[in-house]
Amino acid sequence: MATAAELLGTNAEVVIRPMRGADIAEVVAIERASYQFPWSEGIFRDCLRVGYVCRVVTANRMVHGYGVMSVGAGEAHVLNLCVGEAFRCRGAGRQLLLCLLERARAAGMHEAFLEVRPSNTSAIRLYQALGFEQVGMRRGYYQALNGREDAAVLRLTLRPAAPPAS
Ligand SMILES: CC(C)(COP(=O)(O)OP(=O)(O)OC[C@H]1O[C@@H](n2cnc3c(N)ncnc32)[C@H](O)[C@@H]1OP(=O)(O)O)[C@@H](O)C(=O)NCCC(=O)NCCS
181 MATAAELLGT NAEVVIRPMR GADIAEVVAI ERASYQFPWS EGIFRDCLRV
231 GYVCRVVTAN RMVHGYGVMS VGAGEAHVLN LCVGEAFRCR GAGRQLLLCL
281 LERARAAGMH EAFLEVRPSN TSAIRLYQAL GFEQVGMRRG YYQALNGRED
331 AAVLRLTLRP AAPPAS
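Read left to right, the sequence shown gives residues 181 to 346 (this note's numbering).
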């Protein structure tokens, strides 16, 4: 599989690493530009504080995307996955999600879940490409400009992480 740097098609040094408090201003700027109902700075701070798996993708040390996931009771929940508009369609979202799922496997989780707006076709294609399947619908789950919007619930069964080579 191609590396993030190859997919991004630049000479930039592309890194996926744990999110830090100092990243939150850049993360929130991307969040606000990407969603009509963005998470607040406080939500990201809480995610770090409670120990959710929070990752950023950086190129030349600038944050261009992030993913947030909770793990527990055998299940991982991908709570946010977002790439800055200028950086989309270059493989960063896929690499971020693969990184989160790898972390979930390593933590012994059996399944990963996420919610997505049925209108978000680019995200749904990414999730389906990685094997997620729709298992339900939450009625009126999301805020929308004209009321509420449903959420499709997607699930991926995680293969156990390979044991370390002896
Ligand atoms: C969804 C999102 C994270 C994808 O990130 P990305 O870096 O653009 O995605 P990638 O380049 O890694 O694309 C991976 C796959 O996703 C699908 N995809 C991504 N963008 C797409 C688009 N505009 N149209 C159709 N399919 C798309 C394709 O299957 C693609 O695989 P391919 O390149 O082999 O065709 C990004 O569009 C985003 O941040 N959107 C706004 C926030 C959001 O809606 N997040 C999801 C909330 S549930």
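We treat Cβ as the ideally placed atom computed from N, Cα and C, and that holds for glycine.
The structure displayed is predicted, hence computed values, not measured ones.
For residue 305, is the beta carbon positioned less than 7 Å from some heavy atom of ligand 1?
Between ligand 1 and residue 305, a heavy atom-to-CB distance of less than 7 Å is present.
According to the neighbour-count rule (16 or more other Cβ atoms, all chains shown, within 10 Å of its Cβ), is residue 195 buried or exposed?
Under this definition residue 195 is an exposed residue.
Do residue 304 and residue 315 have their C-beta atoms within less than 8 Å of each other?
In this structure, residue 304 lies away from residue 315, with their beta-carbon atoms at least 8 Å apart.
Express the C-alpha separation of residue 326 and residue 291 in angstroms, rounding to a whole number.
Rounded to the nearest angstrom, the two C-alpha atoms are 33 Å apart.
Closest residue to residue 244 among 261, 323, 230 (Cα-Cα distance):
Selected option, being the one with the closest Cα: 261.
Residue range of the unbroken alpha helix (DSSP H) whose run includes residue 205
Following the DSSP letters along the chain, one finds residue 205 inside the alpha helix (DSSP H) bounded by residues 204-214.
Taking only three categories from DSSP, how would you classify residue 319?
In this structure, residue 319 counts as strand in the three-state DSSP scheme.
Three-state class that DSSP yields for residue 269 in the structure shown
DSSP places residue 269 outside both helix and strand once states are collapsed to three, so it counts as coil.
Compare the beta carbon distance of residue 247 and residue 258 with 8 Å and say whether it is the shorter of the two.
Judged by their CB atoms, residue 247 and residue 258 are nearer to each other than the 8 Å cut-off.
Checking 8 Å against the spacing of the C-beta atoms, do residue 310 and residue 277 come in under that value?
Yes, these two residues count as a Cβ contact at 8 Å.
Threshold first: 3 residues or longer. Then list the beta strand (DSSP E) segments lying entirely within the region 224-308, N to C.
If only complete runs of 3 or more residues are kept, the region 224-308 shows the beta strand (DSSP E) at 233-239, 242-252, 255-263, 291-296, in order along the chain.
Selection from 345, 337, 343 that minimises the alpha carbon distance to residue 255:
Distances from the alpha-carbon of residue 255 to those of 345, 337, 343 put 337 closest.
Given that a residue counts as buried once 16 or more other Cβ atoms are within 10 Å of its Cβ, and exposed if not, what is residue 211?
Answer is buried; the Cβ neighbour count reaches 16.
Along the chain, where does the beta strand (DSSP E) that runs through residue 198 open and close?
Start and end: 194-198.
In this structure, does DSSP put residue 311 in helix, strand or coil?
Assignment of residue 311 by DSSP, reduced to helix, strand and coil, places it in the coil class.
Could you tell me whether any Cβ in chain C is nearer than 8 Å to the Cβ of residue 309?
In the displayed structure, chain C is absent; only one protein chain is listed.
Please list, in chain order, all residues of the same chain as residue 333 whose beta carbon is under 8 Å from its beta carbon, the five residues on each side excluded.
So the list reads 293, 294, 295, 314, 315, 316, 317, 318, once near-sequence residues are dropped.
Buried versus exposed call for residue 345 [16 or more other C-beta atoms within 10 Å across all chains shown]
Per the 10 Å Cβ criterion, exposed.
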